[in-house]
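Engineer:
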Amino acid sequence: GAVVSQHPSRVICKSGTSVKIECRSLDFQATTMFWYRQFPKQSLMLMATSNEGSKATYEQGVEKDKFLINHASLTLSTLTVTSAHPEDSSFYICSASAGLAGHEQYFGPGTRLTVT
Amino acid sequence: RKEVEQDPGPFNVPEGATVAFNCTYSNSASQSFFWYRQDCRKEPKLLMSVYSSGNEDGRFTAQLNRASQYISLLIRDSKLSDSATYLCVVTPHGSSNTGKLIFGQGTTLQVKP
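From first to last, the protein sequence lines are chains A and B.
Position in the first sequence counted from 1, then plus 5, gives you our numbering.
Position in the second sequence counted from 1, then plus 711, gives you our numbering.
Now the structure itself:
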């Protein structure tokens with residue numbers, strides 16, 4: 006199946022700093038990428054949908070100025086958590102979709118963010 | 712009310728047991744339905760799609776009841792390797808071009824020797 010990578014897999018940062026997470030589709034062109042967040046023992050929550058070359062669409066309650074998403078190419082999307090706080094500590098997972106059948110998503114391995 | 716609801720479990724079963732998970736969804740116009748599997752600290756992986764006619768993949772059988780807005784997953788002859796969290800996933804109406812997925816909280820299964 007298609008491969009999606011995320012980097013870093015794990016990051017610890019201090020409160021107030023910014024962290025960038027990369028999501029790459031390795032063997033296909035991803036027209037759409039999705040960013041999810043998962044807190045312990047909770048479901049994955051969609052944060053935003055990004056299409057290559059256009060602004061991301063954020064879900065209700067997700068601050069676009071705090072979670073900056075850039076989808077500059079068909080193989081790379083980045084999520085930057087700005088001015089991170091301990092409550093931003095979570096598992097961030099991206100997924101990528103190549104086809105018109107948008108449900109066919111391939112998930113990255115996730116990034117575990119810990120803000121101290 | 713959550714859009715997708717699951718009993719979080721955990722379900723603790725012996726090897727070889729048959730176990731069933733249920734899921735309900737609130738939006739009657741939901742379009743597509745899936746079961747995903749998520750291992751601890753890993754990304755979710757698609758287990759199977761769910762169709763109204765019911766579908767089977769080896770030891771796994773999925774059923775959809777649109778009238779009751781209810782989805783089920785049956786696992787027969789449980790293996791130790793089946794231990795994971797099973798996520799019920801729904802796509803909202805009109806999402807065929809957006810790809811939006813709505814995840815349930817997940818049901819944790821622990822298969823013991």
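We treat Cβ as the ideally placed atom computed from N, Cα and C, and that holds for glycine.
1) So the candidates are 810(B), 796(B) and 758(B); which of them puts its Cα closest to the Cα of residue 720(B)?
2) Hey, out of 111(A), 79(A), 109(A) and 97(A), whose CA is closest to residue 752(B)'s CA?
3) State yes or no: is the C-beta of residue 714(B) within less than 8 Å of the C-beta of residue 791(B)?
4) Skipping 5 residues on each side, what residues in its chain have a beta carbon closer than 7 Å to that of residue 4(A)?
5) Give me the DSSP bridge partner(s) of residue 823(B).
6) 8 Å is my cut-off, CB to CB: does residue 65(A) come that close to chain B?
7) Would residue 102(A) and residue 92(A) qualify as a contact pair, given that the criterion is a beta-carbon distance under 8 Å?
8) Just to make sure I have the definition right: I need the residues of chain B whose C-beta is within less than 9 Å of the C-beta of residue 87(A). Which are they?
9) Which same chain residues end up closer than 6 Å to residue 768(B) when comparing Cβ atoms and leaving out the 5 residues on each side of it in sequence?
10) Assuming residue 723(B) contacts residue 821(B) (C-beta within less than 8 Å), just tell me the rounded distance between them.
11) Could you work out which residues of chain B lie near residue 47(A), taking near to mean beta carbons separated by less than 7 Å?
12) Among all the DSSP beta bridges, which residues are the ones paired with residue 825(B)?
13) Would you say residue 769(B) faces chain A, with C-beta separation under 8 Å as the test?
14) So, for residue 794(B): in the same chain, excluding its five sequence neighbours on each side, which residues have a beta-carbon less than 8 Å away from its beta-carbon?
15) Looking at chain A, is there any beta carbon in it that lies within less than 8 Å of the beta carbon of residue 755(B)?
16) Which residues does DSSP pair with residue 24(A) in a beta bridge?
17) Kindly identify the DSSP beta-bridge partner or partners of residue 12(A).
18) Who are the near neighbours of residue 15(A) in its chain, counting only those whose CB is closer than 6 Å to its CB and skipping five residues on each side?
19) Looking at the secondary structure, which residues open and close the beta strand (DSSP E) in which residue 781(B) lies?
Structural biologist: Reading it off the structure:
1) 796(B)
2) 97(A)
3) no
4) Because chain A spans 6 through 121 in this model, residue 4(A) falls outside it and cannot be assessed.
5) 725(B)
6) no
7) no
8) Near residue 87(A) there are no residues of chain B at all, since even the closest Cβ is about 24 Å away, more than 9 Å.
9) 759
10) 5 Å
11) 816
12) Outside the shown range of chain B (712 to 824) lies residue 825(B), about which nothing can therefore be said.
13) no
14) 820, 821 and 822
15) yes
16) 86(A)
17) 27(A)
18) 117
19) 781-786
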